[in-house]
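Peer 1: Chains as they are written, first to last, in the numbering used here: chain A, 1 to 145; chain B, 1 to 379; chain C, 1 to 581.
Beta carbons: idealized from backbone N, C-alpha and C, even for Gly.
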Amino acid sequence: MKRFPQCGCVASDDRTNGSNRKQRNVFMAAHAHDHAEYNPIGHVASKPMLLTVFFLLVGLTALTIWQGTQLELGTWELIIVLVIATAKASLVVLFFMHLRYDKPLNVFAFLSSLLFMSLFIGLTLADAVNYQPEVSAKEEDAASP
Amino acid sequence: MSATADPSTATADPHGTAGHGHGHDDHHEPFLAHHFESWQQQFDAGKLGVWAFLVQEVLFFSGLFCAYAVYRMLHPEVFEYADQFLSVPHGAFNTVVLLFSSLTMAWGVRCAMLGQRNGLIGCLAVTLFCAALFLGVKAYEYSEKYHAQLIWAGADPLTVSPSGMQAGAGHLLELDPEKRAVGEQLEERLASTLHYLEFGMGVVGLLTLAAAVGIYYAKPERIGLAVVFGAISLSAIAIVIGAMASMGIHHMMHASGHEATADSEAEAAHMAEAEDEPPVHTATPGTAEIAGSTHGASVKAELSRPQRLGTFFGIYYAMTGVHALHILGGMVVLTWLLARAVKGHFTPNYFGPVDYVGLYWHLVDLVWIYLFPLLYLIG
Amino acid sequence: MATILETRHADVMPLGHAPQDNYLTHGRGFLSWALTLDHKRIGVMYLCAVCSAFLLGGIFAMLLRTELLMPKNGPEDVFLFTRDAYNQLFTLHGAIMVFLFIIPGIPAALGNFILPIMLGAKDVAFPRLNLCSFYLWLVGALFFVLMLVTGGLDTGWTFYTPYSTSTSTAVVTAVFGAFILGFSSIFTGLNFIVTVHTMRPPGMTWFRMPLFLWAIYSTALVQVLATPVLAITLLLLIAERTLGIGIFDPALGGDPVLFQHFFWFYSHPAVYIMILPAFGVISELITTFSRKHIFGYRFIAYSSVAIAILGFLVWAHHMFVSGQSAISAMVFSAITFTISIPTAIKIFNWLATMYKGSISYATPMCYALAFIFLFTIGGLTGLPLGTLSTDIHLHDTYFVVAHFHYVMMGGTLIAFLGALFYWWPKMFGRMYHERLGQISAVIVFLGFNATFFPQFIMGAKGMPRRYANYLPEYHAWHVASTIGAYTLGIGLVIAAIALIWGLYRGKRAPANPWGSATLEWQCSSPPPHNNFDAPPVVGDPYAIHQLVYDPDQSAWVPRQEKIVESEAMLERHTDAGTTGH
Ligand code: HEM
Ligand SMILES: [Cu+2]
Chain A
1 MKRFPQCGCV
11 ASDDRTNGSN
21 RKQRNVFMAA
31 HAHDHAEYNP
41 IGHVASKPML
51 LTVFFLLVGL
61 TALTIWQGTQ
71 LELGTWELII
81 VLVIATAKAS
91 LVVLFFMHLR
101 YDKPLNVFAF
111 LSSLLFMSLF
121 IGLTLADAVN
131 YQPEVSAKEE
141 DAASP
Chain B
1 MSATADPSTA
11 TADPHGTAGH
21 GHGHDDHHEP
31 FLAHHFESWQ
41 QQFDAGKLGV
51 WAFLVQEVLF
61 FSGLFCAYAV
71 YRMLHPEVFE
81 YADQFLSVPH
91 GAFNTVVLLF
101 SSLTMAWGVR
111 CAMLGQRNGL
121 IGCLAVTLFC
131 AALFLGVKAY
141 EYSEKYHAQL
151 IWAGADPLTV
161 SPSGMQAGAG
171 HLLELDPEKR
181 AVGEQLEERL
191 ASTLHYLEFG
201 MGVVGLLTLA
211 AAVGIYYAKP
221 ERIGLAVVFG
231 AISLSAIAIV
241 IGAMASMGIH
251 HMMHASGHEA
261 TADSEAEAAH
271 MAEAEDEPPV
281 HTATPGTAEI
291 AGSTHGASVK
301 AELSRPQRLG
311 TFFGIYYAMT
321 GVHALHILGG
331 MVVLTWLLAR
341 AVKGHFTPNY
351 FGPVDYVGLY
361 WHLVDLVWIY
371 LFPLLYLIG
Chain C
1 MATILETRHA
11 DVMPLGHAPQ
21 DNYLTHGRGF
31 LSWALTLDHK
41 RIGVMYLCAV
51 CSAFLLGGIF
61 AMLLRTELLM
71 PKNGPEDVFL
81 FTRDAYNQLF
91 TLHGAIMVFL
101 FIIPGIPAAL
111 GNFILPIMLG
121 AKDVAFPRLN
131 LCSFYLWLVG
141 ALFFVLMLVT
151 GGLDTGWTFY
161 TPYSTSTSTA
171 VVTAVFGAFI
181 LGFSSIFTGL
191 NFIVTVHTMR
201 PPGMTWFRMP
211 LFLWAIYSTA
221 LVQVLATPVL
231 AITLLLLIAE
241 RTLGIGIFDP
251 ALGGDPVLFQ
261 HFFWFYSHPA
271 VYIMILPAFG
281 VISELITTFS
291 RKHIFGYRFI
301 AYSSVAIAIL
311 GFLVWAHHMF
321 VSGQSAISAM
331 VFSAITFTIS
341 IPTAIKIFNW
351 LATMYKGSIS
361 YATPMCYALA
371 FIFLFTIGGL
381 TGLPLGTLST
391 DIHLHDTYFV
401 VAHFHYVMMG
411 GTLIAFLGAL
421 FYWWPKMFGR
431 MYHERLGQIS
441 AVIVFLGFNA
451 TFFPQFIMGA
461 KGMPRRYANY
471 LPEYHAWHVA
481 STIGAYTLGI
491 GLVIAAIALI
501 WGLYRGKRAP
511 ANPWGSATLE
521 WQCSSPPPHN
531 NFDAPPVVGD
541 PYAIHQLVYD
551 PDQSAWVPRQ
561 EKIVESEAML
571 ERHTDAGTTG
581 H
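1) Only counting the same chain, and skipping five residues up and downstream in sequence, which positions put a Cβ closer than 8 angstroms to that of B:Leu120?
2) Taking 8 angstroms as the threshold, find out whether the segment 395–410 of chain C comes into contact with the segment 366–379 of chain C through three or more Cβ pairs.
3) Run through chain A and tell me which residues come within less than 7 angstroms of C:Ser185, C-beta to C-beta.
4) Is C:Gly382 near ligand 1, judged by its Cβ being under 8 angstroms from some heavy atom?
5) Could you tell me the boundaries of the alpha helix (DSSP H) in which C:Leu547 lies?
6) Does the segment 360–371 of chain C come close enough to the segment 426–443 of chain C to have 3 or more Cβ pairs within less than 8 angstroms?
7) Just to confirm, are B:Ala231 and B:Leu338 a CB contact at a threshold of 9 angstroms?
8) Which bits of chain B does C:Thr198 rub up against, with CB to CB less than 8 angstroms?
9) Would A:Pro48 count as contacting chain B if we go by Cβ distances under 9 angstroms?
10) Give the straight-line distance between the Cα atoms of C:His93 and C:Met62, rounded to the nearest whole angstrom.
11) Got a sec? Which residues, its chain only, sit under 7 angstroms from C:Met97 by beta carbon, not counting five neighbours each side?
12) Using the rule of at least 16 other Cβ atoms within 10 Å of the residue's Cβ for burial, across every protein chain shown, is A:Ile79 buried or exposed?
13) Between the segment 304–319 of chain B and the segment 75–82 of chain B, do three or more beta carbon pairs fall short of 8 angstroms?
14) At what residue ranges does the segment 87–170 of chain C contain a whole run of the beta strand (DSSP E), taking only runs of 3 or more?
15) Just how far apart, CA to CA, sit C:Phe428 and C:Ile114?
16) Rounded to a whole number of angstroms, what is the C-alpha to C-alpha distance between B:Glu188 and B:Gly136?
17) Is B:Val280 close to chain A, meaning its C-beta is less than 9 angstroms from at least one C-beta of that chain?
18) List the residues of chain A that C:Ser267 touches, going by C-beta distances under 8 angstroms, in chain order.
19) Any idea which residues DSSP pairs C:Ala555 with across the strands?
20) Spell out a yes or no on whether the segment 407–423 of chain C and the segment 331–340 of chain C are touching, meaning 3 or more CB-CB pairs, one atom from each, closer than 8 angstroms.
21) Could you list the residues in the segment 335–350 of chain B with a C-beta less than 7 angstroms from some C-beta on chain A, going in chain order?
22) Going by C-alpha to C-alpha distance, which of B:Met201, B:Ser38, B:Leu99 sits closest to A:Leu57?
23) When you compare each of B:Val55, B:His254, B:Ala255 to C:Val224 by their alpha carbons, which one comes out closest?
24) Within 8 angstroms: the Cβ of C:Val271 and any heavy atom of ligand 2?
25) Which residues in the same chain as C:Lys507 place their Cβ atom closer than 8 angstroms to its Cβ, once the five residues preceding and following it in sequence are excluded?
26) Would you kindly work out how many angstroms separate the C-alpha atoms of C:Val493 and C:Phe448, rounded to a whole number?
27) Decide if C:Tyr361 is buried, meaning its Cβ has at least 16 other Cβ atoms within 10 Å, or exposed.
28) For C:Pro464, write down the residues that DSSP places opposite it in a beta bridge.
29) So for C:Val538, helix, strand or coil by DSSP?
30) Using a Cβ cut-off of 9 angstroms (strictly closer), state whether A:Gly42 contacts chain B.
31) From the beta carbon of C:Ala306, is the nearest beta carbon of chain A less than 9 angstroms away?
32) Could you spell out the range, first to last residue, of the alpha helix (DSSP H) harbouring C:Phe299?
33) How would you write the range of the alpha helix (DSSP H) that B:Leu173 sits in, first residue to last?
34) Consult DSSP for C:Arg508 and reduce its assignment to one of helix, strand or coil.
35) Cβ of C:Leu31 within 9 angstroms of Cβ of C:Leu64?
36) What do you reckon, is the C-beta of C:Trp423 under 8 angstroms from a heavy atom of ligand 3?
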């Protein structure tokens, strides 16, 4: 799927070994009249989009610094910091890495990495939190002879 | 091979022996590999490959984040204590540098897709410059921590394990508590280390620049090699600038009325509030004595020093170190791209490598987007 | 190997359809191999490499078993090896077998050769990366050799901290070797994923893919998702040992249980890297030699993917007695049992495929049958290990050793051998020695059971693993096990003879000696450089019933063709032939 944000056009392309290549290229060529920024293979990121994303990223960085250094939010701090970081990360992934315009398979691949990462960290963390009291008790025993 | 071919009788012709009958002459293109049918197929394969590689990268880093999460969850006091030693302005500067490099990288991909050779070269050069700038700042941060002896457990003479063992023996690096620097002294030593670095990098930068220019004029056909030398020169100079800029930031902080002249003095400053802090494990008296022989202020500081501070710095160095290695790897591939871009290899049909390196570069940025707040901002 | 095969290029094939030029003769000399980008040559190089590793690991195994012939009186009593040497031997045996043989064995060696051809593609998606994987394997192996000569290794293949951070053996070299081998494996997996997704020719839909490809694909998913965690773990272990970063070493405030989490997050999925390709092989063998369409194609295909994913959820069953929390132990134990569902689905489907088939006992089938028997025992004994209460008794005993040898050796190695016999004619253009092959299968099967079944009993009685000495009451079991091991060794040597004999003396192999319907049998044996001289016809990969053996041509031909021919002979022209589809 290619989306043309300026005009909302959608070009579907069957990528199985270019069996539809000819057909699509005709379509794309027709489309090129409307969009000077044309590439036969992929979506071209527009200048305003790139700049907007960059300034948003810088803005969010400033926000997180302000929040991290000026506000005292206790346990919320970690959560807010992570939310902002995730917002920034999403901007990078969606626009700079043009995942928004990419094939569903690649989106799926990236999401699966996050899934397996959270499995790994989540289950390990869950265990560590539960065995720690035992470890701490042993440490205290060792520390006080 | 029409789109309407009945799949049950469809025949595959994957190798072009009969492929010339298809009437597309893609096979004569220099960068279309023989086993691909079309530019699109080659691009899609490469792209999926890179995404799979990024998946691999995410899981690779997940080990570090997991270690971070576990220690942070179990020993929050260590992280809160250690946070004061990480300089937010330097981290913020580096964050913006990386974000900007991501912008130029994405812009470079755009140029490549539109066939704008000069734009591509410019973007790649700026990206490379930013990467090296980042490393320059990192070099400043590492040297500062080294002189202040804010270091991982095995090298830290003050680390005492929970079981009461004095650690450090048998590892490659072990610091001498006598050599621990604070205040003015720290600043001096830091400045001199950085001067060595700047001098060395300056020499490398000039020599490689000379080599690049020499090759360009003597053997214009070896332009690729000239670009490689040029890229090394650019990086070396950027590292120098990064180190100098960090020193500048440091002085700015100092001038803007900060109490502490160096971050490690925050340790002493921090002492004042030590009483209000949540209870932390205290080191054994023996350790306090060692520290006391160096500097009066740090005696008290050591008292509030949590156990496993060394583990925090172990994680800090592991995370930032592995990330810095990725930056270095990125610089190598950026240099390769630069050489190919100068040679004019990339066309709107063949821009895959630029896009792939771009994706990798954004991932490295992505990791930093998390590292910065997790390490610098949680206090 | 090249020279052997080149010499017989001179006398061309009897049936007239012989390729003038096959992948073995396409380019000569050392560099044409060392720099090749042809997946088939890379596969052959891998095959030689992993088999050498297997030989080395096997020699260590024989030494171990020999040492265990005698119980010793006290620590000073030495039979063949000192206690330290023994520790090194079992570590080297395990590390070599796991990292250098089993993990790359089926995917990198056989998969590399077969996958693109089975798919109908010219090559894997990234031929250069493929060659790079092979060289990474070599470099990793070199580090293992370096480790051997610079102090050995005695941590066990699991590198558990804190022992691995305190022993004086060459841990860093070994760990760095394993780190590199990890990337070799990741790149192979990555290449296969992309190949399967983007290189399928028209007509090759997902559900026309042979089950071997599904298996290799699922394996590749695990390789890409799990191996990086091993890589970072090993990197941190190196940093722990050299610098003392204090993450895993309790002496520095680190957490050794965390190391085990890291390690098993990779290494449990890794057991599926080992066994999934074997499942794929068995699916091919069972259907071919039962001359029946595979039963439950989709179930087998999906169960591979299901195993790959579920395999990520059970890792902490290796840590039941390591100090993990009770709650995780319960959760992980429960999930462990669910793995047996997709596994059993496969076994039942294979049995159903054989049911009422016309089974022939060619060597690959003998190995496939051995696999089903042995793997079932191995899998079933996993259940008492996954059960919390019984595992407390069985953990770290010979029961575990027997369990994983039944799955890894009785499973993966046996399937590897079956696959080798099955594809040998395709790879080298000559048939192996059938009778010797069958004999080897029987001896391997008997020797294997004699070696490892006694270990179940010893283990259940309490014989701990990784000890050079034991109480006299275990003596008889150990002797039985050692005798079994020698038998097994002899069986493997016979298998090797049957194969190598084929290279020199074997009958010339037709394109399709077994009457299989997957694509690799459509190209000549050995395949041409570009895999297919004419475009292959993609159809149902298990339409085996449509192929019949024609003794006149001594080849398998499509049923329809055969009918038409015989009818032509009888000069009775009807339109029956056209209804054959
Ligand atoms: C079919 C279901 C399986 C189950 C339920 C299962 C369960 C287990 C359990 C619970 C253990 C830990 C025993 C202990 O240390 O106390 C174990 C060990 C082991 N299993 Fe399995 N397993 C299964 C299949 C496999 C397969 C297919 C393989 C490899 C091809 C395998 C290879 C291993 C290895 C290598 C170990 C020992 C690791 C070590 O400590 O050195 N298992 N298994
Ligand atoms: Cu397991």
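Peer 2: Taking the coordinates as given:
1) The residue given as residue 120 of chain B occupies position 120 in the second sequence. Excluding sequence neighbours, B:Leu120 sits near Gly108, Cys111, Ala112, Ala341, Phe346, Val354.
2) yes
3) For the purposes of this step, residue 185 of chain C is identified with residue 185 of the third sequence, where counting begins at 1. The contacting residues do not exist; C:Ser185 stays about 16 angstroms from chain A at best.
4) Taking the first residue of the third sequence as position 1, residue 382 of chain C is located at position 382. The answer is yes for C:Gly382.
5) On the third sequence, position 547 is the one that residue 547 of chain C refers to. Note, C:Leu547: premise wrong, no alpha helix (DSSP H); beta strand (DSSP E) at 547–550.
6) yes
7) Locating residue 231 of chain B in the second sequence gives position 231, counting from the first residue. Locating residue 338 of chain B in the second sequence gives position 338, counting from the first residue. It is a contact, given that the beta carbons lie within the stated cut-off.
8) Within the third sequence, residue 198 of chain C is the residue found at index 198, counting from 1. In chain order: Gln41, Asp44, Ala45, Leu48.
9) For the purposes of this step, residue 48 of chain A is taken as residue 48 along the first sequence, with counting starting at 1. Not closer than 9 angstroms to any Cβ of chain B, the Cβ of A:Pro48 fails to qualify, so no.
10) By one-based count along the third sequence, residue 93 of chain C stands at place 93. By one-based count along the third sequence, residue 62 of chain C stands at place 62. One C-alpha to the other measures close to 10 angstroms.
11) In the third sequence, residue 97 of chain C corresponds to position 97, counting from 1. Excluding residues within five positions, the ones whose Cβ falls inside 7 angstroms are Gly57.
12) As a first step, residue 79 of chain A must be located in the first sequence, where it is residue number 79. When all chains shown are included, A:Ile79 counts as exposed.
13) yes
14) none
15) Against the third sequence, residue 428 of chain C aligns to sequence position 428. Against the third sequence, residue 114 of chain C aligns to sequence position 114. Distance between the alpha carbons of C:Phe428 and C:Ile114: 13 angstroms.
16) As a position in the second sequence, residue 188 of chain B is number 188, starting the count at 1. As a position in the second sequence, residue 136 of chain B is number 136, starting the count at 1. Cα to Cα, the separation comes out at about 18 angstroms.
17) For the purposes of this step, residue 280 of chain B is taken as residue 280 along the second sequence, with counting starting at 1. Here B:Val280 scores only 40 on pLDDT, less than 50, and its place in the model should not be relied on; the value that follows carries that caveat. By this cut-off, B:Val280 is not an interface position.
18) Taking the first residue of the third sequence as 1, we reach residue 267 of chain C at position 267. Result: empty, since nearest Cβ-Cβ is about 13 angstroms, beyond 8 angstroms.
19) Numbered from 1 along the third sequence, position 555 holds the residue referred to as residue 555 of chain C. DSSP, once it has assigned bridges, lists C:Asp550 as partnering C:Ala555.
20) no
21) Pro348, Asn349
22) What you label residue 57 of chain A is simply residue 57 of the first sequence in a count that begins at 1. Comparing Cα-Cα distances from A:Leu57 to each of B:Met201, B:Ser38, B:Leu99, the minimum goes to B:Leu99.
23) One-based indexing of the third sequence puts residue 224 of chain C at position 224. Ranking the options by Cα distance to C:Val224, first place goes to B:Val55.
24) Along the third sequence, read from residue 1 onward, the residue named residue 271 of chain C stands at position 271. Correct: C:Val271 has its Cβ closer than 8 angstroms to ligand 2.
25) On the third sequence, residue 507 of chain C is found 507 positions in, with the first residue counted as 1. Result list for C:Lys507: Arg430, Met431, in chain order.
26) Locating residue 493 of chain C in the third sequence gives position 493, where the first residue counts as 1. Locating residue 448 of chain C in the third sequence gives position 448, where the first residue counts as 1. Approximately 14 angstroms between the Cα atoms of the pair.
27) Residue numbering aside, residue 361 of chain C sits at position 361 when the third sequence is read from its first letter. That one is exposed.
28) Residue numbering aside, residue 464 of chain C sits at position 464 when the third sequence is read from its first letter. C:Pro464 is bridged to C:Thr397.
29) Residue 538 of chain C sits at position 538 when you count from the first residue of the third sequence. C:Val538 falls in the coil class under three-state DSSP.
30) As a first step, residue 42 of chain A is located in the first sequence; it is residue number 42 there, counting from the start. Closer than 9 angstroms to some Cβ of chain B, the Cβ of A:Gly42 qualifies, so yes.
31) Sequence index remark: in the third sequence, residue 306 of chain C carries index 306 (1-based). No, because no Cβ of chain A sits closer than 9 angstroms to the Cβ of C:Ala306.
32) Counted from its first residue, the third sequence places residue 299 of chain C at position 299. Element bounds for C:Phe299: 297–310.
33) As a position in the second sequence, residue 173 of chain B is number 173, starting the count at 1. Counting along the chain, B:Leu173 falls outside any alpha helix (DSSP H), and DSSP gives it neither H nor E.
34) Looking up residue 508 of chain C in the third sequence gives position 508. DSSP places C:Arg508 in strand when its eight states are reduced to three.
35) Taking the third sequence and counting its residues from 1, one reaches residue 31 of chain C at position 31. Taking the third sequence and counting its residues from 1, one reaches residue 64 of chain C at position 64. Their beta carbons are not under 9 angstroms apart, which means C:Leu31 does not touch C:Leu64 by this criterion.
36) The ligand content of the structure shown is limited to ligand 1 and ligand 2, which means ligand 3 is not among them.
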